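Peer 1: Please read through the structure below; I'll follow up with questions.
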Amino acid sequence: MDGDTFVSSDGFILNVFGYEHPEDRVFAFLKYIPEEYASLFNVDFLKRRWVYAGGRLFRAEKLYTAGNYQDFLRVFRGHFPGYVYSCPFRKKDVIAVPMSSVKRVYVPRDCLTSLASLRIKDALQRDTLEFIDLVSDESGIRKDDFGIHGSVALGMHSKESDIDIVVYGSGNFRKLEKAIEGLVSANKLRYQCSNSLDRARRFKGRFKTRVFMYNAVRKMDEIKPEYGNFSYTAIKPVQFTCTVSDDSQSMFRPAIYGIRDIDEKDLANSFPDGIVPQVVVSMIGCYRNVVRKRGRIRVSGMLERVECLATGNLHCQVIVGSGVNEEERICPL
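Counting from 709, one number per residue, gives the positions in the sequence shown under the numbering used here.
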């Protein structure tokens, strides 16, 4: 599921993307690159290095840009072609690793259980568990609905690493969001915002001296569509302002926003043929939970026609993070 991390047989570390996958593959984005392959990639790397299973890892400075994604595809096509999948439903190449190349999987919920069972814990591990205790008590969310990911989950953290947690379920996410707001008001936590998206999401803060982040993963009963149920056809890039009518799936990845009330000027300029979207879908994680119901947003993305293959029913949506345009974004107004 989205939020899981896995190590490939070639030593790449990737994060699972979304909840719909081909039967024998898993959609993912590349996060850590083994040192021996770093020279293949034409991307800017962070100065920091990570160590996993005795080997050094590199990480791209920006994980979610269209340019970097296309470079990852270029390298995989040329050197690890099995990682590239020509999706018949999206009609483009994507990163989708064969299950036979998945060496080890880290599930956030299981990683938290493993961390709690450690007999000897370092300072960051202790702070991570203390933070989860705090927000669990404040929110009333059971601890088995939490998980950890990031470098702590993989056991390759340093003293400067963040506390990176997930909570399972949309209802639990809203409870956690409210609980953290209360803890900030009580001066037990504080938000850390470096840009307008951070201020809108309020998903990041400080617990003692540590940076923490929290995100949401779907529960099993919240996973409905299956891979291959829909076919997607790109129409054209669009820009428009609209109102969010449904934020119930905005905390997940992909983030889904129901929309209405597109500005009249944008209807005339971006949708002259009367093809009007009802949904905005962000493939880019930083646009999760950036606006609540009845809020206004400015969207730049790719207009798509979506066909239900079982019924032939059609609707339109706008994708933010199509992987072909660097200018796709959601801006809260």
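Glycine included, every Cβ here is placed at the ideal spot set by N, Cα and C.
These numbers come from a predicted model, not from an experiment.
How many whole angstroms separate the CB atoms of Val952 and Ala887, which I take to be in contact at a CB cut-off of 8 Å?
Peer 2: Incorrect: roughly 23 Å between the Cβ atoms, too far for contact.
Peer 1: Relative to the C-alpha of Arg996, which residue among Lys912, Gly790 and Val792 is closest?
Peer 2: Taking only the C-alpha atoms, the option nearest Arg996 is Lys912.
Peer 1: Along the chain, where does the alpha helix (DSSP H) containing Asn750 start, and where does it finish?
Peer 2: Where Asn750 is concerned, there is no enclosing alpha helix (DSSP H), given that its DSSP letter is neither H nor E.
Peer 1: Which runs of the alpha helix (DSSP H), 4 residues or longer, sit entirely within the stretch 840 to 927?
Peer 2: Counting only runs of 4 or more, we get 859 to 862, 878 to 893 and 904 to 909.
Peer 1: Does the distance from the CB of Ala774 to the CB of Glu1034 come in under 9 Å?
Peer 2: It is a contact, given that the beta carbons lie within the stated cut-off.
Peer 1: So, helix, strand or coil for Ala831, using DSSP?
Peer 2: The answer is helix: DSSP assigns Ala831 an H, G or I state.
Peer 1: Pairs of beta-carbons, one from the stretch 931 to 947 and one from the stretch 955 to 967, closer than 8 Å: are there three or more?
Peer 2: Not touching, per the Cβ criterion.
Peer 1: Please name the residue or residues paired with Met1010 in a DSSP beta bridge.
Peer 2: In the DSSP output, where bridge partners are listed per residue, Met1010 has Pro945 and Ile1027.
Peer 1: So does the stretch 1019 to 1036 actually touch the stretch 971 to 986, counting three or more Cβ pairs closer than 8 Å?
Peer 2: With a cut-off of 8 Å, the stretch 971 to 986 and the stretch 1019 to 1036 count as touching, because enough Cβ pairs lie within range.
Peer 1: Return the CA-CA distance between Tyr876 and Val783, expressed in angstroms with no decimal places.
Peer 2: Rounded to whole angstroms, Tyr876 to Val783 spans 34 Å at the Cα level.
Peer 1: Do you know offhand how far Val874's Cα is from Arg1006's?
Peer 2: Approximately 28 Å between the Cα atoms of the pair.
Peer 1: Tell me which residue opens and which closes the beta strand (DSSP E) that Arg817 is part of.
Peer 2: No beta strand (DSSP E) holds Arg817; the alpha helix (DSSP H) holding it covers Pro816 to Ser825.
Peer 1: At what residues does the alpha helix (DSSP H) containing Ser716 begin and finish?
Peer 2: No alpha helix (DSSP H) contains Ser716, which is instead part of the beta strand (DSSP E) from Thr713 to Ser716.
Peer 1: At the level of alpha carbons, what is the spacing between Tyr791 and Phe854?
Peer 2: Each residue's alpha carbon lies about 30 Å from the other.
Peer 1: Starting from Arg785, follow the beta strand (DSSP E) in both directions and report where the run begins and ends.
Peer 2: Unbroken run through Arg785 is the alpha helix (DSSP H), Ala774 to His787; no beta strand (DSSP E).
Peer 1: Is the stretch 792 to 811 touching the stretch 821 to 832 in the sense that three or more CB pairs, one from each, lie closer than 8 Å?
Peer 2: They do not touch, by the three-pair rule.
Peer 1: Going by DSSP, which residues form a beta bridge with Gln957?
Peer 2: Gln957 pairs with Ile964.
Peer 1: Per DSSP, what kind of secondary structure is Gly719 in: helix, strand or coil?
Peer 2: Correct three-state label for Gly719: coil.
Peer 1: When the Cα atoms are used, what is the spatial distance from Pro796 to Val1032?
Peer 2: C-alpha separation (whole angstroms): 17 Å.
Peer 1: List the residues that DSSP assigns as beta-bridge partners of Leu1022.
Peer 2: Looking at the DSSP assignment, Leu1022 forms a beta bridge with Glu1015.
Peer 1: Per DSSP, which residues does Leu771 bridge with? Please list them.
Peer 2: The partner list for Leu771 (beta bridge, DSSP) is empty, contrary to what the question assumes.
Peer 1: Assuming Lys739 is part of the alpha helix (DSSP H), what are its boundary residues?
Peer 2: Lys739 -> not in any alpha helix (DSSP H); beta strand (DSSP E) instead, spanning Arg733 to Pro742.
Peer 1: State yes or no: is the C-beta of Asp870 within less than 9 Å of the C-beta of Val919?
Peer 2: A contact, by the Cβ cut-off of 9 Å.
Peer 1: To the nearest angstrom, report how far apart Tyr922 and Arg914 are at their CA atoms.
Peer 2: Taking the straight line joining both Cα atoms gives about 12 Å.
Peer 1: Residues in the same chain with beta-carbon distance under 6 Å from Glu692, minus the five sequence neighbours each way, listed in chain order, please.
Peer 2: It is not possible to answer for residue 692, since the shown part of the chain is limited to 709 through 1041.
Peer 1: Taking buried to mean at least 16 other C-beta atoms within 10 Å of its own C-beta, is Asn776 buried or exposed?
Peer 2: The residue in question, Asn776, is buried, as its Cβ has 16 or more Cβ neighbours within 10 Å.
Peer 1: Exposed or buried, what is Met928 when buried is set at 16 or more other beta-carbons lying within 10 Å of its beta-carbon?
Peer 2: Counting Cβ neighbours within 10 Å, Met928 comes out exposed, since fewer than 16 surround it.
Peer 1: Within this structure, are the beta carbons of Lys739 and Leu754 separated by less than 9 Å?
Peer 2: Result no, Cβ atoms of Lys739 and Leu754 do not sit closer than 9 Å.
Peer 1: Give me the residue from Gly719, Ile967, Ser1008 and Phe737 with the minimum Cα distance to Met804.
Peer 2: According to the sequence displayed, residue 804 carries Ala and not Met. With distances taken between Cα atoms, Ala804 lies closest to Phe737.
Peer 1: Quick check on Leu765: does DSSP put it in helix, strand or coil?
Peer 2: In the structure shown, Leu765 sits in a strand (DSSP, three-state: E or B).
Peer 1: Looking only at C-alpha atoms, which of Arg961, Phe788, Tyr899 and Val998 sits nearest to Ile741?
Peer 2: That would be Phe788, whose Cα lies nearest to the Cα of Ile741.
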